[in-house]
Amino acid sequence: KPSSAVDQQGFQCGQKALRPRF
Amino acid sequence: IVGGEFTNVENQPWFATIYQKNSGGAPPFFKCGGSLISPCWVASAAHCFIHHPKKENYVVYLGQSKRNSYNPGEMKFEVEQLIFHEDFSEESLGYRNDIALLKIRTSTGQCAQPSRSIQTICLPPRFGDAPVGSDCEITGFGQESHPDYLFPMNLKMSVVKLISHEECKQPHYYGSEINYKVLCAADPEWKTDACHGDSGGPLICNIDGRLTLSGIVSWGEGCAKKNKPGVYTRVSSFLRWIQSHIGEENGLAF
Numbered sequence: 016k017p018s019s020a021v022d023q024q025g026f027q028c029g030q031k032a033l034r035p036r037f
Numbered sequence: 026i027v028g029g030e031f032t033n034v035e036n037q038p039w040f041a042t043i044y045q046k047n048s049g050g051a052p053p054f055f056k057c058g059g060s061l062i063s064p065c066w067v068a069s070a071a072h073c074f075i076h077h078p079k080k081e082n083y084v085v086y087l088g089q090s091k092r093n094s095y096n097p098g099e100m101k102f103e104v105e106q107l108i109f110h111e112d113f114s115e116e117s118l119g120y121r122n123d124i125a126l127l128k129i130r131t132s133t134g135q136c137a138q139p140s141r142s143i144q145t146i147c148l149p150p151r152f153g154d155a156p157v158g159s160d161c162e163i164t165g166f167g168q169e170s171h172p173d174y175l176f177p178m179n180l181k182m183s184v185v186k187l188i189s190h191e192e193c194k195q196p197h198y199y200g201s202e203i204n205y206k207v208l209c210a211a212d213p214e215w216k217t218d219a220c221h222g223d224s225g226g227p228l229i230c231n232i233d234g235r236l237t238l239s240g241i242v243s244w245g246e247g248c249a250k251k252n253k254p255g256v257y258t259r260v261s262s263f264l265r266w267i268q269s270h271i272g273e274e275n276g277l278a279f
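Chains as they are written, first to last, in my numbering: chain A, 16 to 37; chain B, 26 to 279.
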């Protein structure tokens, strides 16, 4: 059963912190 | 990484830099790459550690864009457990079952904390790899050419394409060295590739819109050499093994 991508302790697997577009 | 470009670890926030401690008090030296697959676990290649199998020999960093120096936001870990695949073997040309798991914890007993430069990478669905021809990313502090002896100070990344087992098993490629528990990937122009020192690092492919750890840098003949693709441990073939050691309660993301 694929768990959600938001796993424990605030991680979101495979997500990169996108730079805010100023 | 031969070819490719320099990058910031925020582009590969799951990348782990693994150092081997020196007995004589000199600073630890860079050993291999790895990938954060859950807050307390890093996946890497067994061949990185097999000749010095004691967990006390290693230190792991997350959040490093520049090796052997301080990186704002980095986290440093000792290795609490070092687990090799029990069927790991060195073949004539390459390795088999080339996968290892490192349980990491800080000096205060913490696991990784998410930030702009620290993130887990998703595991692939069981036997669900990206299709042949998919573009996948590789990352590491490995050599920029072969034979070389210097490792770059800054992190590099590049893009290679998955190639079929049929192509990779051709006699003038790798023949019978290739089995279905590895993936082969290369640049169609043979201009970019993983290289010595990138071992253990990630092959990241996009599967159904999710960045996924599809492979672990394992071996290859030379680097960016015509008809000699990079060979990666196929993570989707080891999900049961990974889960048997980490279990689901530790925040694995499938």
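Just so it is clear, CB atoms sit at the ideal spot from N, CA and C, and this is done for glycine as well. If you're wondering where the values come from, they're calculated on a predicted model, not measured in any experiment.
- Task: Might you give, ordered along the chain, the residues of its own chain that have their beta carbon closer than 6 Å to the beta carbon of B:His270, omitting 5 neighbours on each side?
- Result: Ile108 and Leu126
- Message: By the 9 Å beta-carbon criterion, what residues does the region 138-158 of chain B contribute toward chain A?
- Response: Within the region 138-158 of chain B, the residues whose Cβ lies closer than 9 Å to some Cβ of chain A are Gln138, Pro139, Ser140, Arg141, Ser142, Ile143, Gln144, Thr145, Ile146, Cys147, Leu148 and Pro150, listed in chain order.
- Item | The beta strand (DSSP E) enclosing B:Cys161, as first and last residue numbers | Unbroken beta strand (DSSP E) run through B:Cys161: Asp160 to Gly165.
- So what does DSSP say about B:Trp266, is it helix, strand or coil? helix
- Query: B:Asn36 touches chain A at which residues, Cβ-Cβ below 7 Å?
  - Reply: Lys31
- In or out: B:Val27 buried (at least 16 other Cβ within 10 Å) or exposed? buried
- Identify, in the order they occur along the chain, each residue of the same chain with its Cβ nearer than 6 Å to the Cβ of B:Gly59, setting aside the five sequence neighbours on each side. Answer for B:Gly59: Ala41, Ile43, Val67, Ser69 and Gly225, listed in chain order.
- Message: Using CA atoms only, rank isn't needed, just tell me which of B:His190, B:Ser170 and B:Asp160 is closest to B:Val184.
- Response: Residue B:Asp160 is the option with its Cα nearest to B:Val184.
- Got a sec: is the Cβ-Cβ distance from B:Leu228 to anything in chain A below 7 Å? no
- Query: How big is the Cα-Cα spacing for B:Asn179 and B:Phe31?
  - Reply: 7 Å
- is_contact[A:Arg36, chain B] using C-beta, thresh 7 Å: Summary for A:Arg36: the model assigns pLDDT 44, below 50, so the residue's position carries little reliability, and this model does not support an answer.
- Message: Under 7 Å, Cβ to Cβ, is there at least one residue of chain A near B:Leu236?
- Response: yes
- Message: Restricting to Cα atoms, I'd like to know which of B:Leu61, B:Cys248, B:Trp244 and B:Pro52 is closest to B:Pro139.
- Response: It is B:Leu61 whose Cα lies nearest to the Cα of B:Pro139.
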